[in-house]
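In my numbering, the protein residues as written are 27 to 185.
Right under this line is the structure:
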């Protein structure tokens, strides 16, 4: 890469993160330099908001303005040989967290899968509507039966 491009676009490792400012510092090992606090590019920040910060040690791509090393941004993280991909299908979009929680959408099968290692909380100001059956621990909400109180025999399906 020519000299000017080498100074404008750099790959490094995150060395520190400031969650309150959505910035991070990056070590550029080839130059043995640590950046100033660089804003991490987000998809939206005004009315709709997105918030994501890289982890310390994560490889990131940075871009700098020609005005100097203080005027730069972290564009995003990149996979390296050290990182394991969470999927290898163009049809899947995956968010995988360190604790094992995983959110996956497969556009080929039209399936959203959420595998949470902890509780899931849904807070709604109105109704929660489900089209289709809800199955909890193998029991169908639509087709389960209740025992009768007087004889102990099953009742009909839910009304």
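All residues carry an ideal CB built from backbone N, CA and C; glycine is no exception.
Taking the runs of the alpha helix (DSSP H) that are 4 residues or longer, which of them lie wholly in the region 132-171?
None, since the region 132-171 contains no complete alpha helix (DSSP H) of that length.
If we ignore side chains and look at the alpha-carbon of each, how far apart do residue 166 and residue 173 end up?
Whole-angstrom Cα-Cα distance: 15 Å.
Hey, which unbroken runs of the beta strand (DSSP E) at 3 residues or more fall wholly within the region 55-136?
Considered as a whole, the region 55-136 harbours 85-90, 98-103, 118-122 and 128-132 as its complete beta strand (DSSP E) runs of no fewer than 3 residues, in chain order.
So, do the region 87-101 and the region 112-121 have three or more beta carbon pairs nearer to each other than 8 Å?
They do not touch, by the three-pair rule.
Taking residue 42 as part of the beta strand (DSSP E), name the residues at either end of that continuous run.
35-44 is the span of the beta strand (DSSP E), which, as asked, contains residue 42.
Of all the options 91, 121 and 78, which has the alpha carbon lying nearest to the alpha carbon of residue 46?
Residue 46 has its Cα closest to that of 78, out of 91, 121 and 78.
Give the secondary structure of residue 48 by DSSP, where H, G and I count as helix, E and B as strand, and everything else as coil.
Residue 48 falls in the coil class under three-state DSSP.
Note down, in chain order, each residue of its chain lying with its Cβ closer than 6 Å to the Cβ of residue 140, except the 5 sequence neighbours on either side.
Correct list, in chain order: 129.
What does the alpha-carbon distance come out to for the pair residue 50 and residue 40?
The C-alpha of residue 40 is placed about 7 Å away from the C-alpha of residue 50.
Is the beta carbon of residue 54 less than 8 Å from the beta carbon of residue 69?
The Cβ atoms of residue 54 and residue 69 do not sit closer than 8 Å to each other.
Alpha carbon of residue 186 to alpha carbon of residue 164, nearest angstrom:
This structure does not reach residue 186, given that the chain is present from 27 up to 185, and the question cannot be answered.
Does the distance from the C-beta atom of residue 125 to that of residue 154 stay below 8 Å?
Taking 8 Å as the Cβ cut-off, residue 125 and residue 154 do not qualify as a contacting pair.
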